[in-house]
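Working notes, structure below.
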């Protein structure tokens with residue numbers, strides 16, 4: 053992301069994929085956003101873990117603002133199965149750590165490392181599918197000059213957050229975020 057935005061930011065030192073969010077979605081129609089909720093509460097107990105897996109890559113000193121925005125925009129719409137703010141953020145941590153949603157780890161197991169090498173979309177998809185019970189992810193790429201890079205991987209789960217599913221609504225042809233067949237830098 054940091055290579056494809058005018059906003060200065062700093063890559064994580066180990067170039068890991070980080071969490072962008074946990075968003076409820078509909079297989080058809082617009083995804084819910086901004087549902088009514090109670091006031092956001094600071095989460096000191098979860099902060100150390102969230103700072104690693106879910107940082108604000110644009111401003112590492114504003115993680116709390118980023119998490120608050122994600123809660124109000126997306127987490128507030130995740131009930132059920134997520135009952136409250138703490139359950140929402142704790143679920144993200146558990147999904148990342150224990151349910152194999154660590155995309156960097158999944159790619160690494162397939163010998164796909166963040167070295168700036170060019171890959172095919174099929175190689176990336178197959179690597180992720182091998183770590184998600186053969187479910188189809190959603191890949192997002194961005195182009196800057198002559199370089200097209202993998203910038204986001206969406207993993208989808210069922211409404212109970214217990215198993216992976218094929219991601220509905222892939223990025224449509226013609227979108228600037230559609231990953232090409234070949235020459236995807238990672």
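Numbering (the working numbering), first residue to last: 53 to 238. Beta carbons are placed, not taken as given, at the ideal position from N, Cα and C, and that holds for glycine. Computed from a predicted model, the values in this text were never measured in an experiment.
Self-check item: Range covered by the beta strand (DSSP E) that runs through residue 190
Solution: In the chain shown, counting from the first residue as 1, residue 190 sits at position 138. That run of the beta strand (DSSP E) goes 190 to 196.
Practice problem: Please report how far the alpha carbon of residue 90 lies from the alpha carbon of residue 105, in whole angstroms. | Solution: The sequence position of residue 90 within the chain shown is 38, counting from 1. The sequence position of residue 105 within the chain shown is 53, counting from 1. Straight-line spacing of the CA atoms in residue 90 and residue 105 works out to 25 Å.
Quiz prompt | When 170, 178, 210 are compared against residue 198, the one with the closest alpha-carbon | solution = Within the chain shown, residue 198 is the residue found at index 146, counting from 1. From the listed residues 170, 178, 210, the smallest Cα separation to residue 198 is found for 170.
Quiz item: Does the Cβ of residue 96 have 16 or more other Cβ atoms within 10 Å, making it buried, or fewer, making it exposed?
Solution: Taking the first residue of the chain shown as position 1, residue 96 is located at position 44. Burial call: exposed.
Practice problem: Sort 157, 119, 161 by Cα distance to residue 142 and report the nearest one. | Solution: For the purposes of this step, residue 142 is taken as residue 90 along the chain shown, with counting starting at 1. Taking only the C-alpha atoms, the option nearest residue 142 is 119.
Self-check item: Assigned secondary structure, residue 156 (DSSP; H/G/I helix, E/B strand, else coil)
Solution: In the chain shown, residue 156 corresponds to position 104, counting from 1. Helix.
Quiz item: Quick one, which of 193, 144, 138 has its alpha-carbon nearest residue 234's?
Solution: Position 182 of the chain shown, counted from the first residue, corresponds to residue 234. The shortest Cα separation from residue 234 among 193, 144, 138 belongs to 193.
Quiz item: In this structure, what does DSSP give as the bridge partners for residue 130?
Solution: Sequence index remark: in the chain shown, residue 130 carries index 78 (1-based). Bridge partners of residue 130: none, in fact.
Quiz item: At which residue ranges does the stretch 62 to 117 contain complete alpha helix (DSSP H) runs of 4 or more residues, listed in the order of the chain?
Solution: You should have 99 to 105.
Quiz item: Do residue 223 and residue 230 come within 8 Å of each other at the CB atom, strictly closer than that value?
Solution: Residue mapping note: residue 230 aligns to position 178 of the chain shown, counting from 1. Residue mapping note: residue 223 aligns to position 171 of the chain shown, counting from 1. Taking C-beta atoms as the reference points, residue 230 and residue 223 count as a pair closer than 8 Å.
Exercise. Say whether the stretch 69 to 77 touches the stretch 122 to 131, bearing in mind that this needs 3 or more beta-carbon pairs closer than 8 Å, one atom from each stretch.
Key: Touching, yes, given that three or more Cβ pairs across the two stretches are closer than 8 Å.
Practice problem: Below 8 Å CB to CB, which residues in the same chain sit around residue 228 once its five sequence neighbours on both sides are set aside? | Solution: To locate residue 228, count along the chain shown from 1; it is residue 176. Once the five neighbours on either side are set aside, the close Cβ partners of residue 228 are 194, 195.
Self-check item: Enclosing alpha helix (DSSP H) for residue 180 [first to last residue]
Solution: Taking the first residue of the chain shown as position 1, residue 180 is located at position 128. Here the alpha helix (DSSP H) through residue 180 covers 173 to 182.
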